[in-house]
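With the working numbering applied, the sequence shown corresponds to residues 225 to 584, in that order.
Virtual Cβ for every residue (Gly too), placed ideally from N, Cα, C.
Since the model is a prediction, treat every value here as computed from it, not as a measurement.
Data block below; observations after.
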Amino acid sequence: MMLDRLKTWYDGFRGAGDHAITVPPMDGALRPNTALDEARTLFDWPSPDNVATDGDTAVFSSGAEVLRVRPGEAPVHLRTHPAPVTALAAHQGALATALATGEVLISGGPHDGQRLAASADLPISCPVALAFRDGDTLLIGNGSDRHDAGEWRHDLLTRTASGSVWQVDLKTGAAECLARNLAWPRGLLPLPEGVLVSEAWRARLVVLRPGAEPDPVSTELPAYPGGLSAAPDGGVFVSLFAPRRRLTELVMRETAYRDRMMAEIEPEYWISPSLRPMESYYEPLQGGTLKKLAMLKPWAPSRSYGLVLELDSSFDARRSFHSRADGTRHGISSTALIGGTLVVAATGGDVMVALDMEGV
Numbered sequence: 225m226m227l228d229r230l231k232t233w234y235d236g237f238r239g240a241g242d243h244a245i246t247v248p249p250m251d252g253a254l255r256p257n258t259a260l261d262e263a264r265t266l267f268d269w270p271s272p273d274n275v276a277t278d279g280d281t282a283v284f285s286s287g288a289e290v291l292r293v294r295p296g297e298a299p300v301h302l303r304t305h306p307a308p309v310t311a312l313a314a315h316q317g318a319l320a321t322a323l324a325t326g327e328v329l330i331s332g333g334p335h336d337g338q339r340l341a342a343s344a345d346l347p348i349s350c351p352v353a354l355a356f357r358d359g360d361t362l363l364i365g366n367g368s369d370r371h372d373a374g375e376w377r378h379d380l381l382t383r384t385a386s387g388s389v390w391q392v393d394l395k396t397g398a399a400e401c402l403a404r405n406l407a408w409p410r411g412l413l414p415l416p417e418g419v420l421v422s423e424a425w426r427a428r429l430v431v432l433r434p435g436a437e438p439d440p441v442s443t444e445l446p447a448y449p450g451g452l453s454a455a456p457d458g459g460v461f462v463s464l465f466a467p468r469r470r471l472t473e474l475v476m477r478e479t480a481y482r483d484r485m486m487a488e489i490e491p492e493y494w495i496s497p498s499l500r501p502m503e504s505y506y507e508p509l510q511g512g513t514l515k516k517l518a519m520l521k522p523w524a525p526s527r528s529y530g531l532v533l534e535l536d537s538s539f540d541a542r543r544s545f546h547s548r549a550d551g552t553r554h555g556i557s558s559t560a561l562i563g564g565t566l567v568v569a570a571t572g573g574d575v576m577v578a579l580d581m582e583g584v
C-alpha cells in the first residue's frame with residue numbers, strides 16, 4: 225500500500241503512469257486511410273446504432289426504434305420502444321433489447337416476453353452492451369452505476385470506473401457478476417474460455433475468465449473501443465467510437481477546471497470526445513482544426529473520428545478502416561459480419577455502410 229502511494233506521488237511529479245497525457249499514435253496496422261469514407265453506402269439513417277446479427281440479417285437501433293436490414297434492401301421497422309435503445313443482441317431468432325430505463329427485454333426464442341430489470345441480485349441501471357452466450361444465457365455490460373447511458377461524457381471525464389459485467393441464466397433468472405470496477409464496458413463477445421470486453425475509458429480489451437482477474441489482451445488503443453463482433457478465423461472487429469486526445473486527457477486531470485466546465489456548459493460543448501464532426505461554432509476548437517483555404521486537414525486533432533479495427537485470434541492488430549478528421553463517417557458504434565460483408569453503423573455520420581471483406 226505504501227509503495228503504491230509512493231508510486232502514485234512519483235508518477236504525478238514526473239507526469240508518468242496514470243498522470244501521463246500522452247496518446248498512442250495511429251501507426252502500423254492502424255495507419256490512417258479513407259476506407260470508411262470510400263465504403264459503399266447501404267442507406268442514410270439518423271444515428272444508427274447497436275448492430276447485431278445471428279445469420280443473414282442484421283438488426284439495428286435508431287433512438288427508440290429497432291429495424292431489420294439485409295444487404296441490398298431497405299430497412300424494415302420491427303418495433304418502437306418507450307425509451308431509447310442502448311444495446312441489442314441476437315441469437316437464433318431471439319432478440320435482447322436494452323433500454324435507457326435500465327430494462328432488458330427478450331423477444332422471440334424460448335424466453336419470449338421475459339423482462340429483466342434492476343434488482344438487488346442484478347443491479348443494472350445503465351446496460352450498454354449485450355451478448356448471448358447461448359440460447360439460455362445472456363451477458364450484460366452495465367456501463368456505470370452512477371450515470372445513465374446518455375451520460376457517457378460525464379462518466380469519462382469523472383473517471384468513475386463503476387461498470388460491471390453480468391451473466392444471467394434466462395431459465396432461472398440467476399445472475400452472476402463476472403467483473404466490477406470496469407471503465408464503461410461498451411462491448412461484449414463470448415469466447416470459448418471466457419468473455420472479451422471492451423473497456424472504453426481505459427482504451428483496452430480484457431478477457432474475463434472464471435475466478436480470475438480481468439486479463440488485458442489489447443491495451444493503449446488510440447481511440448475508445450465500443451462494440452465487438454466476430455471476424456473470420458477467430459478474429460474480432462472492434463468499433464472505436466471516438467478518438468483519444470491529449471487535450472481531453474489534460475482536462476480529466478484538471479479537476480477544478482473540469483468540474484466548472486461540467487457545471488456551466490452543455491455537454492455537447494465540453495472539451496470531450498464527440499460522435500459527430502463539428503456542427504456548431506460553440507464547440508471547442510484546437511488550432512490544428514481550423515480550416516485553411518476552406519479545407520480541414522485530415523490529420524487535424526478533431527473530437528470525432530471513424531475507426532474499425534480488425535484483430536486476429538491472438539488479439540494482434542491485422543488491419544483497420546478509417547474516416548479521418550475531414551471525413552463524415554464518424555462515431556462507429558458497432559459492426560456485424562453478414563456473409564462476406566461487414567455492416568458498419570456510423571452513428572455520428574447518420575449512415576450505414578458496407579465493407580466487402582473479401583475485396584479489402
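Minimum Cα-Cα distance from E507 among the listed residues A518, E490, E582 and P409 corresponds to E490. Under the three-state reduction of DSSP, E375 is assigned to helix. Here the region 325-340 does not lie against the region 376-388, with fewer than 3 beta-carbon pairs under 8 Å apart. Scanning its chain for C-beta atoms nearer than 8 Å, with the 5 sequence neighbours on each side dropped, one finds around G458 the residues D536 and S537, in chain order.
Note that the region 343-361 does not touch the region 285-298; fewer than 3 beta-carbon pairs, one per stretch, sit closer than 8 Å. Boundaries of the alpha helix (DSSP H) around Y234: M226 to R238.
Sixteen is the threshold: when 16 or more other Cβ atoms of the shown chains lie within 10 Å of the Cβ of Y529, as they do, the residue is buried. If you draw a straight line from the Cα of S498 to the Cα of V431, it is about 27 Å long.
Distance from the CA atom of T246 to the CA atom of R238, rounded to whole angstroms, is 13 Å. With 16 or more other CB atoms across the displayed protein chains lying within 10 angstroms of its CB, H371 is buried.
Closest in C-alpha terms to G450, from the list P434, E437, P440 and R428, comes R428.
The C-beta distance from F267 to A314 rounds to 20 Å, too long to fall under 8 Å, and the pair is not in contact. Where D483 is concerned, the enclosing alpha helix (DSSP H) starts and stops at T479 to E488. Comparing alpha-carbon positions, the option among R410, L380 and A385 lying closest to A311 turns out to be R410.
Rounded to whole angstroms, the separation of the alpha carbons of M519 and P438 is 44 Å. If you compare the alpha carbons of L381, F284, P249 and G365 with that of T479, the shortest gap goes to L381. By the beta-carbon neighbour count (other beta carbons within 10 angstroms, threshold 16), D393 is exposed. A Cβ-Cβ separation of about 4 Å places R553 in contact with G573 under the 8 Å criterion.
CA-to-CA, the gap between D483 and V475 works out to about 10 Å. Residue state for R470 is assigned as helix, using DSSP reduced to three classes.
For A244, the closest of S558, T472, L420 and F539 by C-alpha to C-alpha distance is T472. Check the Cα spacing between L464 and each of M250, S504 and Q510: the tightest is with M250. Cα atoms of L340 and T443: separation of roughly 32 Å, rounded to the nearest angstrom. Across the structure, L445 and E488 are spaced so that their CA atoms are roughly 31 Å apart. Counting the other CB atoms within 10 Å of its CB gives T277 a total of 16 or more, which places it among the buried residues. Q391 counts as buried, since no fewer than 16 other beta carbons sit within 10 angstroms of its beta carbon. In the three-state DSSP reduction, L445 falls in the coil class, being neither helix nor strand.
The three-state reading of DSSP puts P351 in strand, counting E and B together.
L561 places its beta carbon 8 Å or farther from that of A263. If you ignore the 5 residues before and after A355, its C-beta comes within less than 7 Å of the C-beta of A313, L363, L412, L413 and P414, all in its own chain and listed in chain order. Using a 10 angstroms sphere on the CB of P272, the tally of other CB atoms reaches 16 or more, which defines it as buried. Annotation: A424 to Y448 spans about 5 Å, alpha carbon to alpha carbon. By the neighbour-count criterion, in which 16 or more other beta carbons inside 10 Å mark a residue as buried, R468 falls on the buried side. Taken through DSSP and simplified to helix, strand or coil, E262 comes out as helix.
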